[in-house]
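Novice: One structure follows; several queries about it will come next.
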Amino acid sequence: MQIRRLTELGIPLARIPDVEAGAAFHARAGLLDGRRAATHWSYRDRLAREYPDIAVCPDPIFTRGGNVWTSAGITAGIDLALAMVEEDHGAKIARAVARWFVVFLQGPGGQAQFSTQLAAQRPSRQPIRQTQNGSPTIWPTS
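Residues are numbered in my numbering as their position in the sequence shown, beginning at 1, plus a constant of 8.
Right, here's the structure in full:
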């Protein structure tokens with residue numbers, strides 16, 4: 009893997025973030041061994057099964073293990089990026105960036121992947137129900 013090769017060459021990588029199922033790429037490179045990791049809920053069990061040295065966290069929208077940051081999905085990736093901005097430049101700048109992008113500034117990433125309000129709703133259209141239920145016809149398995 010290219011990231012592993014960069015570290016072997018001694019090239020420092022300040023941060024290695026991923027979004028959604030990108031944790032699989034980092035897992036294959038060995039970058040998540042012995043670390044906590046978040047990934048999309050539909051891939052979580054598979055990641056834990058295939059990479060037992062990774063502490064796959066079922067609930068957080070993002071995690072940080074040293075310089076490796078993992079997130080549970082696309083919008084969680086936005087939260088992860090804002091957390092990085094806050095770490096580097098402070099909360100005031102992170103709030104300004106969030107405002108500019110018209111998103112909420114989330115907390116430290118420990119919030120659950122599932123919204124209790126959303127879970128209580130039952131969509132009337134079948135394709136939407138399938139998507140929310142993680143239908144195998146919607147999410148690829150390989």
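The beta carbon of each residue, even a glycine, is placed where N, CA and C say it ideally should be.
Going by CA-CA distance only, name the one from Asn75, Val110, Asp53 that's closest to methionine 92.
Specialist: Counting from one through the sequence shown, the residue named residue 92 turns up at place 84. Of the candidates Asn75, Val110, Asp53, the one whose C-alpha sits nearest the C-alpha of methionine 92 is Asn75.
Novice: Where does alanine 63 sit, in a helix, a strand or coil, going by DSSP?
Specialist: As a working note, residue 63 is residue 55 in the sequence shown. Three-state DSSP puts alanine 63 in a strand.
Novice: Classify alanine 31 as buried or exposed, calling it buried when 16 or more other Cβ atoms lie within 10 Å of its own Cβ.
Specialist: Locating residue 31 in the sequence shown gives position 23, where the first residue counts as 1. Classification for alanine 31: buried.
Novice: Nearest by alpha-carbon distance to glycine 73: which of Glu28, Leu39, Glu16 is it?
Specialist: Here the question's residue 73 lines up with position 65 in the sequence shown. Selected option, being the one with the closest Cα: Leu39.
Novice: Opposite tryptophan 77 in the DSSP bridges: which residues?
Specialist: For the purposes of this step, residue 77 is identified with residue 69 of the sequence shown, where counting begins at 1. For tryptophan 77, which the question treats as bridged, DSSP gives the partners Pro25, Arg72.
Novice: For arginine 44, does the three-state DSSP call read helix, strand or coil?
Specialist: For this step, residue 44 is matched to residue 36 along the sequence shown. In this structure, arginine 44 counts as strand in the three-state DSSP scheme.
Novice: Report all residues from its chain with a CB closer than 7 Å to the CB of phenylalanine 112; omit the five preceding and five following residues, and keep chain order.
Specialist: The residue you call residue 112 lines up with position 104 of the sequence shown. Closer than 7 Å at the Cβ level, and outside the excluded window around phenylalanine 112, lie Ala106.
Novice: When the Cα atoms are used, what is the spatial distance from valine 27 to glutamate 16?
Specialist: Taking the first residue of the sequence shown as 1, we reach residue 27 at position 19. Taking the first residue of the sequence shown as 1, we reach residue 16 at position 8. Between valine 27 and glutamate 16, the C-alpha separation is close to 24 Å.
Novice: Taking just the CA atoms, how far does alanine 99 sit from tyrosine 59?
Specialist: Looking up residue 59 in the sequence shown gives position 51. Looking up residue 99 in the sequence shown gives position 91. Roughly 35 Å between the two C-alpha positions.
Novice: What does a CB cutoff of less than 8 Å around histidine 34 pick up in its chain, not counting 5 residues either side in sequence?
Specialist: In the sequence shown, the residue the question calls residue 34 occupies position 26. Hits under 8 Å: Ile11, Ile24, Asp26, Leu40, Ala45, Val76, Thr78.
Novice: How many Å lie between threonine 145 and histidine 48 at the Cα?
Specialist: Position 137 of the sequence shown, counted from the start, is the residue given in the question as residue 145. Position 40 of the sequence shown, counted from the start, is the residue given in the question as residue 48. The pLDDT assigned to threonine 145 is 48, lower than 50, so where the model puts this residue is not dependable; a value taken from the coordinates is nonetheless given after this. Cα to Cα, the separation comes out at about 16 Å.
Novice: Would alanine 102 pass as a contact of glutamate 94 if the rule is Cβ separation under 8 Å?
Specialist: Within the sequence shown, numbered from 1, the residue matching residue 102 stands at position 94. Within the sequence shown, numbered from 1, the residue matching residue 94 stands at position 86. It is a contact, given that the beta carbons lie within the stated cut-off.
Novice: Rounded to the nearest angstrom, what separates isoleucine 62 and aspartate 96 at their Cα positions?
Specialist: Locating residue 62 in the sequence shown gives position 54, where the first residue counts as 1. Locating residue 96 in the sequence shown gives position 88, where the first residue counts as 1. Computed Cα separation, rounded: 27 Å.
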